[in-house]
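Engineer: To convert a position in the sequence shown, counted from 1, into our numbering, add 81.
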Amino acid sequence: MISCDALHSDWPTPLGPSRRGSLVKLSLCNEVIRELPFDRQCALAAGLGYRGLEIAPFTFGQDAWSMPAAKRAEIRRACSDAGIEVSGLHWLLAAPAGLSITSADRHVWQKSVAVLRASVEICAELGGDYLVHGSPAQRRVSDPSDRQRAEEAWALAAEAARKAGVVYCLEPLASPDCNFINTLAEASDVVRRIGNPAFKTMVDTLAASLMEPEPVADAVRRAMPTGLMAHIQLNDRNKRGPGQGGDKFAPVIQALLETGYDGWIAMEPFVYEPDGATCAARMIGYIQGLLEQA
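What follows is the structure in structure tokens.
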């Protein structure tokens, strides 16, 4: 268990953002520190300088999608007490087990859509701005009908998002972990077909570094003017956080600033070394340092 005393340890102290980066909103994906009670997650993230937490519902259990009103109020209160926001939700279909938006089993598909709709409702109620649909295992395809079912599910989720006043983001993910929607171009095609203003795509820098035909910064510059990109998650292709591998993030930050991006920037590592709390501290110190130099 990590003590909140770590807030006063010798971790890197985040730098104040530059004038150009003063409107940038940094968020931490909460599964990075999921071993902590949620109120301590909020305190830790806020103490490090994050403005938001991007919540993975599975960190609240298998039935988080149906969490009662009292639990939602508890989450809002913990955020308010720490002076932090829920920026959005991600890992939407990681729990409960057995979900799929491509399944030919109508019961499985309907429950999966119900979870997506409930996630939209939770996001809006917690004050979040967006949802990220990654969940590669729950969107695997084996024939064209699987793709049709996925797009039907996304259309329904998008309409729920429109009514709730949030944005639903389709995340391109890298193969071989994901075999459906691997590039921004593929995601943008789906977004255009569905044609709902609440349905957008986004950039995950790990996936983009592996799948896009150009550097990630150039992909951002290409995507932003289309109006189809609504979010970005930062991670190194080694699955650690920004600044903890060989990928260069200064060009990505520069591209975001140049194109006028004013949404959330979320930190989403998958490998936490030496631990989640230290990883969270190093990431924000690194990114705020880049903002200071921009």
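Using N, Cα and C, we set each Cβ at its ideal position, and we do this for glycine too.
#1: Please classify residue 137 as buried or exposed, where buried requires at least 16 neighbouring CB atoms within 10 angstroms.
#2: Using only alpha-carbon positions, find the residue among 264, 272, 327, 270 that is nearest to residue 301.
#3: Tell me residue 130's beta-bridge partners as DSSP assigns them.
#4: Ignore the nearest five residues each way along the sequence and tell me which others in residue 235's own chain have a CB closer than 8 Å to its CB.
#5: What is the DSSP secondary structure of residue 256, counted as helix, strand or coil?
#6: Could you name the residues of the same chain whose beta carbon sits closer than 7 Å to that of residue 367, not counting the 5 residues immediately before and after it, in chain order?
#7: For residue 241, which residues from the same chain have a beta carbon less than 7 Å from its beta carbon, with the 5 sequence-adjacent residues on both sides left out?
#8: Which one or two residues does DSSP pair with residue 310 in a beta bridge?
#9: Starting from residue 108, follow its DSSP beta bridges and name the residues at the other end.
#10: Apply the 10 Å Cβ neighbour rule to residue 112 and answer buried if 16 or more other Cβ atoms are within range, or exposed otherwise.
#11: Go ahead and pull the three-state DSSP assignment for residue 189.
#12: Could you compute how far the alpha carbon of residue 289 sits from the alpha carbon of residue 144?
#13: Please identify the residue among 217, 347, 125 whose C-alpha is closest to the C-alpha of residue 261.
#14: Is it the case that the Cβ atoms of residue 277 and residue 230 are separated by a distance below 8 Å?
#15: Compare the beta carbon distance of residue 134 and residue 123 with 8 Å and say whether it is the shorter of the two.
#16: Going by CA-CA distance only, name the one from 255, 164, 195 that's closest to residue 177.
#17: Rounded to whole angstroms, what is the Cα-Cα separation between residue 71 and residue 115?
#18: Roughly how many angstroms separate the alpha carbons of residue 227 and residue 329, rounded to a whole number?
#19: Taking only three categories from DSSP, how would you classify residue 102?
#20: Kindly give me the distance between the Cβ atoms of residue 209 and residue 168, rounded to whole angstroms, as I take these residues to be in contact under 8 Å.
#21: Under 6 Å Cβ to Cβ from residue 357, same chain only, skipping five residues before and after it: list those, please.
#22: Taking buried to mean at least 16 other C-beta atoms within 10 Å of its own C-beta, is residue 130 buried or exposed?
#23: Would you list the one or two residues that DSSP bridges to residue 160?
#24: If we count the other Cβ atoms within 10 Å of its Cβ and call it buried at 16 or more, is residue 317 buried or exposed?
#25: Residue 309 and residue 340: beta carbons closer than 8 Å?
#26: Roughly how many angstroms lie between the CA atoms of residue 255 and residue 362, to the nearest whole one?
#27: If you measure between the beta carbons of residue 157 and residue 125, is that distance less than 8 Å?
Structural biologist: From the atom records:
#1: In the assembly as shown, residue 137 is a buried residue. Its beta-carbon has 16 or more other beta-carbons within 10 Å.
#2: 264
#3: Paired residues: none, contrary to the question.
#4: 182, 214, 249, 251, 271, 275, 280
#5: The answer is coil: DSSP assigns residue 256 none of H, G, I, E or B.
#6: 323, 324
#7: 198, 201
#8: Per DSSP, 282.
#9: According to DSSP, which records beta bridges pairwise, residue 108 is partnered with 133, 347.
#10: By the 10 Å Cβ count, residue 112 comes out buried.
#11: helix
#12: Residue 289 and residue 144 have their alpha carbons spaced roughly 31 Å apart.
#13: 217
#14: no
#15: yes
#16: For the options 255, 164, 195, the alpha carbon positioned closest to that of residue 177 is the one of 195.
#17: Not covered by the structure: residue 71. The range shown for the chain is 82 to 375.
#18: 37 Å
#19: Here the model assigns residue 102 a pLDDT of 45, short of 50, so the residue's position is not dependable, and the following value carries that caveat. Coil.
#20: 6 Å
#21: 113, 114
#22: buried
#23: Its beta-bridge partners do not exist; DSSP assigns none.
#24: buried
#25: No, these two residues do not count as a Cβ contact at 8 Å.
#26: One C-alpha to the other measures close to 27 Å.
#27: no
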